[in-house]
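Have a look at the structure below, then the notes.
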Amino acid sequence: MATKASSKTGKKSATQSAQAQSAHTNPLHHTSSKDMWLAGLGAMAQAQAVAQEKLHEATAHFNQLAQGMTSGLNNPLVPPAGMRVDRLEHLFEDRVARALKSLGLPTAQEVADLQDRVAALEAALKVASTRTHKAAPRKRPSAKSTVAQGRK
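Residue numbers (our numbering): 214 to 365.
Right under this line is the structure:
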C-alpha cells in the first residue's frame, strides 16, 4: 500500500509542476507580463523626463535669483574683469619685450625714437635742398666775355 500512496503523490506533484510550467510558458501570459514591464518602463521614463524638466526650471530660477542678488554687490576683494585683462596684457607685453631684448632686437621705444630721428633728418634734408635750389648757382662769365672785358 505504501507503494500505491507514493505513486499517487508522485503523480500529483508531477501534474502540478506541469501545470505551473505551462502557466509560465503560456504565450498569452508571457505577452501580458512583457507588456506590463514595458508599460512600467515607459511610465518611469516619463517620470524621469518630467523630473529632469523641473530640475532645469529650478536651476534656471535659482541662477536668476543668484544673479539678481549679486548684481548690486561690489566686492572689493575681486577686481573688475577689465583690470584682470589689463594686468594680463601688461604681463604679456613685458615677457615679449624681454624675449625680443634677449634676441638683440630693439624695443618699441627705440624704434619710435629712430623713426623720430629719421623724420627730423628728412625734414632737415628737405629744407637744405630747397635752400640750394632757391640760391641758384651764379653764372660764371664765359671765357669770351672775360677776355673781352680785359681788352677794354
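Ideal Cβ placement from N, Cα and C applies to all residues, glycine included.
Residues of the same chain with a CB within less than 7 Å of the CB of H274, apart from the 5 flanking positions on each side, do not exist.
The three-state reading of DSSP puts G317 in coil, since its state is none of H, G, I, E or B.
Here the alpha carbons of R330 and R300 stand approximately 32 Å from one another.
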